[in-house]
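A.B. asks: Residue numbers (the UniProt record's numbering): 1 to 589. For every residue, glycine included, the Cβ atom is placed at its ideal position computed from N, Cα and C.
(1) Please state the DSSP three-state secondary structure of residue 34.
(2) May I have the straight-line CA-CA distance separating residue 504 from residue 262, to the nearest angstrom?
(3) Of the choices 69, 380, 89, 12, whose alpha-carbon is the least far from that of residue 99?
(4) Please state whether DSSP places residue 80 in a helix, a strand or coil.
(5) Compute the Euclidean distance between the alpha carbons of residue 168 and residue 324, then round it to the nearest angstrom.
(6) Could you name each continuous alpha helix (DSSP H) segment of 4 residues or more that falls completely within the segment 109-152, going from the start of the chain to the end?
(7) May I ask which residues mark the beginning and end of the alpha helix (DSSP H) holding residue 163?
(8) Just checking my contact of residue 401 with residue 430 at CB under 8 Å: how many whole Å lie between their CB atoms?
(9) Just checking, does the segment 127-145 make contact with the segment 68-83 on the three C-beta pairs under 8 Å criterion?
(10) Note down the Cα distance separating residue 180 from residue 450, rounded to an integer number of angstroms.
(11) For residue 527 and residue 536, what's the separation of their Cα atoms in angstroms?
(12) Are residue 188 and residue 58 touching if we call contact CB-CB under 8 Å?
(13) CB of residue 460 to nearest heavy atom of the ligand ADP: below 7 Å?
(14) Should residue 163 go down as buried or exposed, given a rule of 16 or more other Cβ atoms within 10 Å for buried?
(15) Could you check the C-alpha separation between residue 90 and residue 257 for me, to the nearest Å?
(16) Give me, in chain order, the residues of the same chain whose beta-carbon lies closer than 7 Å to that of residue 95; leave out the 5 immediate sequence neighbours on both sides.
(17) Give me the Cα-Cα distance between residue 230 and residue 114, rounded to the nearest whole angstrom.
(18) What are the boundary residues of the beta strand (DSSP E) that includes residue 452?
(19) Pull up the distance between the alpha-carbon of residue 420 and that of residue 124, whole angstroms please.
(20) How would you write the range of the beta strand (DSSP E) that residue 89 sits in, first residue to last?
(21) Have a look at the DSSP bridge pairing and note the partners of residue 189.
(22) So what does DSSP say about residue 608, is it helix, strand or coil?
(23) I'd like to know if the segment 302-320 and the segment 367-385 are in contact, where contact means that at least 3 CB-CB pairs between them fall below 8 Å.
(24) So, residue 465 versus residue 201, is the Cβ gap smaller than 8 Å?
(25) So, helix, strand or coil for residue 336, using DSSP?
(26) Assess contact between the segment 379-397 and the segment 509-526, defined as three or more Cβ pairs (one per stretch) separated by less than 8 Å. Is contact present?
(27) Among all the DSSP beta bridges, which residues are the ones paired with residue 171?
(28) Look at residue 23 and residue 8 and say whether their C-beta atoms are less than 8 Å apart.
(29) Tell me the residue span of the beta strand (DSSP E) that contains residue 62.
(30) Nearest by alpha-carbon distance to residue 310: which of 356, 321, 499, 351 is it?
(31) How long is the line joining the alpha carbons of residue 109 and residue 354, rounded to whole angstroms?
(32) Under the rule that 16 or more other beta-carbon atoms within 10 Å means buried, what is residue 435, buried or exposed?
(33) Exposed or buried, what is residue 97 when buried is set at 16 or more other beta-carbons lying within 10 Å of its beta-carbon?
(34) Could you say which of 245, 316, 46 lies nearest to residue 253 if we only look at CA atoms?
(35) Below 8 Å on the Cβ atoms is my guess for residue 497 versus residue 557; work out the distance and round it to an integer in Å.
(36) Which runs of the alpha helix (DSSP H) fall wholly inside the segment 343-422 and span at least 4 residues, in chain order?
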């Protein structure tokens, strides 16, 4: 079998139930590669400013990369769309068997672009390098039930949260074990009445020798050995040790119950652990006696420490509730914490408690059904609930996205990473806390440079749609793999990452994002109550100095807009000049 060219894209119009195969413009492949980059280029080209994220004109892309299915570790796909939570650019990723199967089924296509809205709930069936739109009988089922309806296929689907338009609904695969989680891609899918993408195909088997070379390098590297030993659960212990584990609605930086949900609990309570032959991060699996799982540290951080719950089995069960409903667990945990704080502040009739799994589970179900005032408000996100019910600044958000559990008051470069993330508050764009926590105070210049470097490098990995843990085995950002599949890029890969980051910024600026949206919420300017960083807060003057330096190093103006010089240097002029946009708002001076 020869390596697939992946130089075409399937366009699906749900309004007419039509499917068309079109070539990807050659220059786009060279400049944006695939995954996040190519998805962003299509999104910028397809949408007018102000497009309703839940309207039929929004597009949802399921994107692969040029090496999807060929690399060691866990293959992923990128869901790219305009976010109903933030109103800006969104890319979200999920692994498991679905991306491998999609890579085999699509063959010479690098992705699927979905637009329109079906008149009735449908499923998209993908096989043999094509697709068909078919009626579905799974509407109303949860993610596990939906996947079980197709035992001969891999399925990416939405649960009840996506059907009800929850702004942080996920797209689930592997029966709810994997999720394209943050930002509400599942809600976009639900608005289009697309319940599931059902895929049949054999994963590619090309470049086996190169794959094994990298698998061995990954297994022997620090990241591979760490993940093989603990998955990402150990991040709970790390964040707690350095005083950056947001606890009980961001009131504390350490959780006294961390041992109950961290790596110690995993080692003591796990009924079994399984690994694949390559020790991939997706191969680590922890099961309780009840069969519940905690496959990622974010579950224990957001639904454990964030809600003051120190019982491993209870946190695992809450994670499973989110998985089946199709809820982003980071935003879900934040929603429950917000409700607890709002109740304590006298803003609600309801009274919820930290440390209560029953209170949390009940509210999560209210959010999905939208049957109560509180649940309906929180279904649109914490910012929307604050605007509707009061309680501004009870919980931190950036660009309307709830923060993950790493508290930037324990590592100030993370404040800059959160503020400038292109999809809203996100630790996956740059995780500089891993260095700063052990390396003293950082100057604004050093913080800006570190954040930019990680943002650009991770953008490259997401153009290839590489598991960023496995990406640690690269010493060339994947250039050897692109050579192996015969793809020449326009410039070195670091420039590709910078180009993509600037394109997503241009998309967000076109939607009205400015410096004001790169600010941090007032909550983070309040001092921490306890832990190694007790008394620490984000200082306005020092943060502004970091942001100024970041803009300068990026080649953006003082309001955070890429300058014409930067746009031309990166080869983005054709995108900007050829797209519909409000006059005099997109470009910096």
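C.D. replies: This is what the structure holds:
(1) coil
(2) 35 Å
(3) 69
(4) strand
(5) 14 Å
(6) 143-148
(7) 160-163
(8) Going by Cβ atoms, the distance from residue 401 to residue 430 rounds to 15 Å, so no, they are not a contact pair.
(9) no
(10) 26 Å
(11) 5 Å
(12) yes
(13) Looking for the ligand ADP in the displayed structure turns up nothing, as the structure carries no ligands at all.
(14) buried
(15) 34 Å
(16) 74, 75, 76, 178, 282, 467
(17) Caution is warranted here: a pLDDT of 49 is assigned to residue 230, below 50, making its placement in the model unreliable, and the coordinate value is therefore given only provisionally. The alpha-carbon atoms of residue 230 and residue 114 are separated by roughly 37 Å.
(18) Premise fails: residue 452 lies in the alpha helix (DSSP H), 444-464, not in any beta strand (DSSP E).
(19) 35 Å
(20) 89-94
(21) In the DSSP output, where bridge partners are listed per residue, residue 189 has none listed.
(22) Summary: the structure shown does not reach residue 608, with the chain confined to residues 1 through 589, and so no result is reported for it.
(23) no
(24) no
(25) helix
(26) yes
(27) 180
(28) yes
(29) 60-63
(30) 356
(31) 48 Å
(32) exposed
(33) buried
(34) 245
(35) The pair is not a contact, with the Cβ atoms about 21 Å apart (cut-off 8 Å).
(36) 357-369, 373-378, 382-389, 412-420
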